[in-house]
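Asks: Starting off with a structure, shown below.
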Amino acid sequence: MNRIFVLSVLLLICSCCSLFAQQQATNTGAMVTVKGVVTDSQTGETLIGVSVVQKGAAVGTITDIDGAYTMNVPLNSTLVFSYVAYSPQEIRITAAGELNVQLKENNELDEVVVIGYGVQKKSLVTGAITSISSKDLAQTGLMRADQAMQGRVPGVTVMNNSGQPGAAVSIRIRGAGTNNSTEPLYVVDGFIMTTNKINDVTVGGIESLNPSDIESMEVLKDAASAAIYGAQGANGVVLITTKKGKEGENRIEYSGSYGIQNPRRYLDLLDATAYARIMNESAYNSGKALPYTEEQISAMGKGTDWQREIANKNAPITNHQLSLMGGNQKSLYNTSMSYFMQEGIFAPGKSKYERYTARLNFESNYFNGLLKIGTNSDVSHVKRQSIASNQGNSGPISSAINIDPITPVYDDMRDFGVSPYVATEVVNPVARIYYTHGSSSYTRINLTGFAQLAYKGFTLRSNLNQIITYNESRGYTPLYRLNSSNFTNDTGVSKSMNQIFGFNNDNTLSYMNKIDKHNFSAMVGNSVRKENGTDVSASKQGLLYDDPAYAYIALAKKQGSDGAGGGAFKKAFLSYFGRISYDFDNRYMMTATYRIDGSYRFGPNNRYGHFPSISAGWNVTNEKFMENVKWLDMLKARVSWGQTGNDALDDWQYVSTISTWGKNYYFGDDEQAIGAAPGRTANPDLKWETSEQFNIGFDARFLRDFTTTIDLYRKTTKDLLVIIPAPMYIGNLAPWGNAGSVRNQGIEFSLGYRKDLKKDWSIDVTGNISYNQNKVLEVGNESGYITGGSVIQMQNLLMMEPGQPIGYFYLNKTLGIFQNQAQIDNYKSSDGTVIQPKAKPGDLIFKDKNDDGVIDVLDREYCGSPHPKFNFGFSFSTRYKGFDFNMFWTGLAGHKIFNGLRRWDLQTSNYQTTVMDRWHGEGTSNSYPRITSDDQNGNFTTASDFFLENGSFLRLKDIQLGYTFKQLEKFHIRQCRVYVSALNLLTFTKYTGYEPEVTGGVMSQGLDRGVYPQPKTFTVGLNLSF
18 MNRIFVLSVL LLICSCCSLF AQQQATNTGA MVTVKGVVTD SQTGETLIGV SVVQKGAAVG
78 TITDIDGAYT MNVPLNSTLV FSYVAYSPQE IRITAAGELN VQLKENNELD EVVVIGYGVQ
138 KKSLVTGAIT SISSKDLAQT GLMRADQAMQ GRVPGVTVMN NSGQPGAAVS IRIRGAGTNN
198 STEPLYVVDG FIMTTNKIND VTVGGIESLN PSDIESMEVL KDAASAAIYG AQGANGVVLI
258 TTKKGKEGEN RIEYSGSYGI QNPRRYLDLL DATAYARIMN ESAYNSGKAL PYTEEQISAM
318 GKGTDWQREI ANKNAPITNH QLSLMGGNQK SLYNTSMSYF MQEGIFAPGK SKYERYTARL
378 NFESNYFNGL LKIGTNSDVS HVKRQSIASN QGNSGPISSA INIDPITPVY DDMRDFGVSP
438 YVATEVVNPV ARIYYTHGSS SYTRINLTGF AQLAYKGFTL RSNLNQIITY NESRGYTPLY
498 RLNSSNFTND TGVSKSMNQI FGFNNDNTLS YMNKIDKHNF SAMVGNSVRK ENGTDVSASK
558 QGLLYDDPAY AYIALAKKQG SDGAGGGAFK KAFLSYFGRI SYDFDNRYMM TATYRIDGSY
618 RFGPNNRYGH FPSISAGWNV TNEKFMENVK WLDMLKARVS WGQTGNDALD DWQYVSTIST
678 WGKNYYFGDD EQAIGAAPGR TANPDLKWET SEQFNIGFDA RFLRDFTTTI DLYRKTTKDL
738 LVIIPAPMYI GNLAPWGNAG SVRNQGIEFS LGYRKDLKKD WSIDVTGNIS YNQNKVLEVG
798 NESGYITGGS VIQMQNLLMM EPGQPIGYFY LNKTLGIFQN QAQIDNYKSS DGTVIQPKAK
858 PGDLIFKDKN DDGVIDVLDR EYCGSPHPKF NFGFSFSTRY KGFDFNMFWT GLAGHKIFNG
918 LRRWDLQTSN YQTTVMDRWH GEGTSNSYPR ITSDDQNGNF TTASDFFLEN GSFLRLKDIQ
978 LGYTFKQLEK FHIRQCRVYV SALNLLTFTK YTGYEPEVTG GVMSQGLDRG VYPQPKTFTV
1038 GLNLSF
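Below you can see the structure in the form of structure tokens.
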């Protein structure tokens, strides 16, 4: 009511002014009536309070609550339409009637960018910061907020860990600079968003945030931008601002979508007939009896298609959000609720994710803006069921790939089929899914409040935040028999619970002043963050009922099967920070920051870390000598240097911990005593990893419609947190220490084009590409290298050593295939030793790197990197009248994937159809070896580059077509948009596995052991605004 009243008064005043001016006008031009509606050119939403003024006269009005206006003006006069954050538009009036106007948003001059503990005009930013707006987010079908960065931010490598519902993503900003966690720091509305992992369950974090609640995301890539977050900024920082209400605008918005999902592709595996023939050939090549007769083979047909048997065809996915927002000069508010649900494309009923969220953002000012108080609070509840994936033979996806196609899903007795052909490690995947019972859920309550006092350039702000998280996981083990070695004799139940309490308090004092053309700003602050939590778990066997509905600890009665555990933790951080900024006439800019961080993770010797930064910029086009360069609208040069830190390690590593090891001891009597021993050697000198980065960048806008950004960087991380080898006589685990350094350097480039081609037609094209080179400078331990990563029986597949990328593939190289016995006999070392005496024609030739006449791990060498060198993305969007079309591509290149999908150690596992290109006679193949059941040459058990494939891919991530209905005011609908979209519609890759997005830790990256693939999704959706 207040808003309508104010608008009515303004309309009345403007109308009076219009009548007065018209009475004073001469009769040189006839008066005509013009009316219409003003809308946003991109969204079609009506704009309230737009100023409509006759040029050169004191005649004007504003648009009402429906965006409508009416004016009486002289013929051939000019109307000027202007609105905050939009480009003004002038239109000459040549006739009476309807004149609808679309205003184009123009944020370039006054757009601000969120930086650490503040905001800054985009034109004055001197760091490497990339922004993602709410409009960018709205054009994609995001399940998680962190997926928004994939392909949109140059220098940021984003890969989905899995296609399983609710699965996390792996993010690396400007390469991997540590062998610990490479995930960036997330800051939401000024508060650090923490993620806890207890009992292998990830609790909280970015997944609990509803993407539709986000107004903007800023990715701080260089150290100068991230140094204000000090010890937690080494991996980059992502600042997220959620939506607030807007003055003079009350609205209700609803968005909903429903879609179906299916596997993007099924692997081309052998059917039953082809499998039997390959098994016969394998036996023949080994001199063994053929397992199948021709009569048996001819009766087999295609057999069981296990991939489709475990698929959840047309798996549903749905998302709904309802929000209410608005405000006036005193208060702004935004509240929302959402529900998201996704079922998995495999394992029907056992792979599912649900998320409920609610949010309230409110702020109110008092004493003419002197005091502002508010809250940005939310609550989320997440439930998930999942299956094992990318874990070798333990998951149903791996079983579906490896089990023979001859075995049926059910036998004649309607029991689950048991394969007599493959090893007992590979079980019926349908049975494995049926007997899988497990779920987890958590509730996260985020309560925040802030108070801000502003007076004569000074702003004092205090933020308080309380986070409460409750997590629960439960499991149920029924009676089952999958084969002779996979069975249970009793039922069982397990349950774990934990609770986490977090407290944050940030206080800042800032000052801004302008003297002539000199602009100064300064900020100082401190931050206190604490966390504490407890967890408890229990398990027992012997349930009264073999039914998951009655799977409770109290109903399990087997004596001696009790299991229990629990613990507690505390964390504390204390920080002081400051920033000084200066610019002269919007031409020369400088910013310096400094932060001191104290962490409980380090001992008194190195408890505090110091992280400085400095950056400068030059707006070249604001110089007088550039006035005649008309084609160049804006050119800014930037340079920055800074240091950030990383404390990503387990708690209490600087002291010698005590472990009971879960063991009891007898000391001469019948009573047991709990035993304890040192768990890890202390290191009181343990300290932060430090990342130092230098950046040069350029931002430009030219020919009015083109924008571009170029950044060159070098980032060196030193004092890596690694486990230092210790002598065996110490008797406990080796300590953590600081050793080694890694360098990342590269270039980032982006180019954009945006233009209104006609009144109702606009186009927006953006593209980006980045290149990163990773190199280990020093390892620092006694051996000079670190190894890791395994696939089944093949161990230490990745290595970290100086001069090479971190975690590169450390394998034996192959030189082709022996075509005949003469080649085998002539393949000798320099001393005349036959290198592969057990080889037969058709076997792989392994490179004898050290020329000792023996093929072993000493011959391993660099065979490629699992880390992409190139990261690129491309988007195209266009609007014509009510139609809109958006298309987004993303891709990675320059890396390898280790294809470990097949259980090569089990000779009777199924094969992909690429086996048809195997060697089966001289000259038939020089890449795929013969098939044999004894494999004395180690073709399939030697860790070699035979398993490596090109991991590059280009993916049509999202394509969307929508239509907006604009003539619905009589139904009190501001906007109604319907759309259809497709996710992961096309993928171009040479990789033969399910999914080219194969992630992992730094020392386990790129190992595909059965990754859950990304689904192909088709969705229909509706957006309503009232």
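Numbered according to my numbering, the sequence shown spans residues 18 to 1043.
For every residue, glycine included, the Cβ atom is placed at its ideal position computed from N, Cα and C.
For residue 416, list the residues DSSP reports as bridge partners.
Replies: None, per the DSSP bridge assignment.
Asks: Helix, strand or coil: how does DSSP classify residue 642 here?
Replies: helix
Asks: Where do the ends of the beta strand (DSSP E) carrying residue 268 lie?
Replies: Counting along the chain, the beta strand (DSSP E) containing residue 268 begins and ends at 268 to 280.
Asks: Could you tell me if residue 192 is buried or exposed, where buried requires 16 or more neighbouring beta carbons within 10 angstroms of its beta carbon?
Replies: Flag for residue 192 reads buried.
Asks: For residue 969, which residues in the same chain have their Cβ closer than 6 Å to its Cβ, ignoring the five residues on either side in sequence?
Replies: The beta carbon of residue 969 sits closer than 6 Å to those of 910, all from its chain and outside the five residues before and after it, given in chain order.
Asks: Here's the rule I'm using: 16 or more other beta-carbon atoms within 10 Å means buried, otherwise exposed. How should residue 401 be labelled?
Replies: buried
Asks: Could you tell me the distance, in whole angstroms, from the CA atom of residue 380 to the CA atom of residue 979?
Replies: Counting only the Cα atoms, residue 979 lies some 34 Å from residue 380.
Asks: Along the alpha helix (DSSP H) that carries residue 164, what are the first and last residues, could you check?
Replies: Residue 164 -> no alpha helix (DSSP H), and no H or E assigned at all.
Asks: Does DSSP put residue 331 in a helix, a strand or coil?
Replies: coil
Asks: DSSP beta-bridge partners for residue 1004?
Replies: Under DSSP, the beta-bridge partners assigned to residue 1004 are 972.
Asks: Looking at the structure shown, is residue 151 part of a helix, part of a strand, or coil, going by DSSP?
Replies: helix
Asks: Using the DSSP secondary-structure output, state which residues sit across from residue 861 in a beta bridge.
Replies: 834
Asks: From the DSSP output, in three-state form, read off residue 1044 for me.
Replies: The displayed coordinates of the chain run from 18 to 1043. Any statement about residue 1044 would go beyond what the structure contains.
Asks: Using a Cβ-based criterion (distance less than 8 Å to any ligand heavy atom), does residue 183 qualify as near the ligand HEM?
Replies: Within the structure as shown, the ligand HEM is missing, as the structure has no ligands at all.
Asks: Jot down the residue ranges of each uninterrupted beta strand (DSSP E) in the stretch 647 to 732, minimum 3 residues, whole runs only, in chain order.
Replies: 649 to 663, 681 to 683, 689 to 691, 706 to 719
Asks: Per DSSP, residue 993 forms a beta bridge with which residues?
Replies: 982, 1041
Asks: Go ahead and label residue 238 buried or exposed: buried means 16 or more other beta carbons lie within 10 angstroms of its beta carbon, across all protein chains shown.
Replies: buried
Asks: From residue 65 to residue 902, what distance separates their C-alpha atoms?
Replies: Rounded to whole angstroms, residue 65 to residue 902 spans 26 Å at the Cα level.
Asks: Which same chain residues end up closer than 6 Å to residue 1038 when comparing Cβ atoms and leaving out the 5 residues on each side of it in sequence?
Replies: 274, 996
Asks: Using a Cβ-Cβ cutoff of less than 7 Å, which residues in the same chain neighbour residue 1031 once the five nearest sequence positions on both sides are dropped?
Replies: 177, 180, 281, 1001, 1012, 1014
Asks: Less than 9 Å separating the beta-carbons of residue 269 and residue 339?
Replies: The answer is yes: Cβ separation under 9 Å.
Asks: Tell me whether residue 933 sits in a helix, a strand or coil according to DSSP, three-state version.
Replies: Note: residue 933 maps to helix in three-state DSSP.
Asks: Based on the DSSP secondary-structure assignment, which residues constitute the bridge partners of residue 513?
Replies: 490, 554.
Asks: Out of 91, 253, 494, point me to the one whose CA is closest to residue 1062's CA.
Replies: The shown model of the chain, from 18 to 1043, leaves out residue 1062, and the question about it has no answer.
Asks: Less than 9 Å separating the beta-carbons of residue 149 and residue 204?
Replies: no
Asks: Within this structure, are the beta carbons of residue 743 and residue 756 separated by less than 9 Å?
Replies: no
Asks: Short check: CB of residue 120 to CB of residue 67, under 9 Å?
Replies: In contact: residue 120 and residue 67 (Cβ atoms closer than 9 Å).
Asks: Pick out whichever of 565, 544, 571 has its Cα sitting closest to the Cα of residue 557.
Replies: 571
Asks: Considering Cα atoms alone, identify which of 498, 59, 96, 520 is closest to residue 53.
Replies: Nearest of 498, 59, 96, 520 to residue 53, Cα basis: 96.
Asks: Can you check which of these residues, 712, 152, 564, 988, is closest to residue 634 by C-alpha distance?
Replies: Considering only alpha carbons, the answer is 712.
Asks: Could you give the uninterrupted runs of the beta strand (DSSP E) lying entirely in the stretch 519 to 599, keeping only those of 3 residues or more?
Replies: 535 to 558
Asks: Just how far apart, CA to CA, sit residue 228 and residue 359?
Replies: 15 Å
Asks: Could you tell me whether the Cβ atoms of residue 982 and residue 990 are closer together than 9 Å?
Replies: yes
Asks: Quick one: any contact between the stretch 842 to 854 and the stretch 862 to 876, if contact means 3 or more CB pairs under 8 Å?
Replies: yes
Asks: At what residues does the alpha helix (DSSP H) containing residue 447 begin and finish?
Replies: 446 to 451
Asks: How many whole angstroms separate the CB atoms of residue 879 and residue 790, which I take to be in contact at a CB cut-off of 8 Å?
Replies: In fact, because the Cβ distance is near 14 Å, the residues do not count as touching under 8 Å.
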